[in-house]
Amino acid sequence: MHTISQSFGLLWNALFLESQAYAAMRDNKSPVKKGLIILIILGLALALAGIIGTTLQWASSPSLDAIRDVIWENYQQSAWWQFIEAEPQALQMFEQIWDQIWQFMGFAIPNPVSSLSGLILKPLGLIISWLIFGLLAHLFARMLGGSATLSQTLGATSLAAAPQLLGLLTALPFVVIAGIGAWTLLCRYMAIRVTHELSWARSLWSVILPPILLGFLVFLLATLFGIALVPIIAGGF
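As structure tokens, then:
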């Protein structure tokens with residue numbers, strides 16, 4: 000219980016860019032282990048909030064079958080429906096497409112059962128994002144004159160997930176949170192600056208270069224795979 004309250008305390012202070020929180024993670028005896036625990040606790044809390052929000056929204060919304068029936072009745076009363084009915088093949092094709100659309104929506108629309116996957120996916124997503132950014136930010140920070148160790152960087156950057164605390168509001172149905180990305184960038188900047196004791200400009204570059212590099216790699220891979228698929232697609236035709 001103490002670990003949970005301490006973790007949320009650090010995240011809360013980090014959310015408001017208090018340098019003491021990032022310094023505490025930097026100076027922790029096991030910053031990587033501490034950061035991992037914080038992200039697991041945060042991920043589980045976000046998953047539980049998502050389950051509660053999804054359940055409340057699901058319980059307060061009309062069933063998918065009811066929505067489907069209302070739309071179907073409106074279609075049948077529209078002027079163009081008589082032209083569809085006059086063509087058996089067109090009607091059959093329309094019904095097939097209609098069934099496929101609603102089958103897909105049945106899988107796509109969140110429900111209490113599907114939201115349980117968040118108990119694994121939420122912590123896992125936070126951890127993967129943390130490790131990728133932390134490793135790249137550490138590399139660039141050291142190239143720009145930073146002095147912190149990798150474990151110190153990872154410990155401090157784990158607190159950059161603090162804006163995800165706003166995601167706990169998703170326990171309320173139909174709540175949408177905006178601005179988390181920009182706030183996360185500020186938290187990452189504070190983590191790098193406090194940990195590596197760099198100037199504001201070098202800290203900023205250490206934070207923005209990782210997403211630029213990742214974006215370039217994604218673009219490069221998409222381009223290469225796209226070019227590689229052209230002969231295959233062309234050969235198929």
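Numbering (numbering that gives the first Met the number 0), first residue to last: 0 to 236. Glycine is no exception: its CB is placed at the ideal position from the N, C-alpha and C atoms.
message: Suppose you measure from the CA of I119 to the CA of L43; what does that come to, to the nearest Å?
response: 8 Å
task: Please state whether DSSP places L223 in a helix, a strand or coil.
output: helix
field: Simplified DSSP assignment, three categories, for S77
entry: coil
- prompt: Comparing alpha-carbon positions, which option in L185, A136, S146 lies nearest A159?
  reply: L185
message: When you compare the CB positions of I211 and A136, do they come within less than 9 Å of one another, or not?
response: no
task: Give the DSSP-derived three-state secondary structure of L228 in the structure shown.
output: The pLDDT assigned to L228 is 46, lower than 50, so where the model puts this residue is not dependable, and the model offers no usable value.
Presumed contact (8 Å Cβ cut-off) between H195 and G145, rounded CB distance: 3 Å
- request: Quick one: measure Cβ to Cβ for Q151 and P30, integer angstroms, because I've assumed they're closer than 8 Å.
  value: 6 Å
Nearest-angstrom Cβ-Cβ length linking G117 and I50, presumed shorter than 8 Å: 7 Å
- prompt: Which runs of the alpha helix (DSSP H) spanning at least 4 residues fall entirely within the stretch 141–189, listed in chain order?
  reply: 149–156
- request: Determine the direct distance from the alpha carbon of G52 to that of A46, and round the result to whole angstroms.
  value: 10 Å
- prompt: Nearest-angstrom Cα distance between L138 and Q5?
  reply: 29 Å
field: Beta-carbon proximity list for A140, same chain, < 6 Å, skipping 5 on both sides
entry: I191, H195, S205
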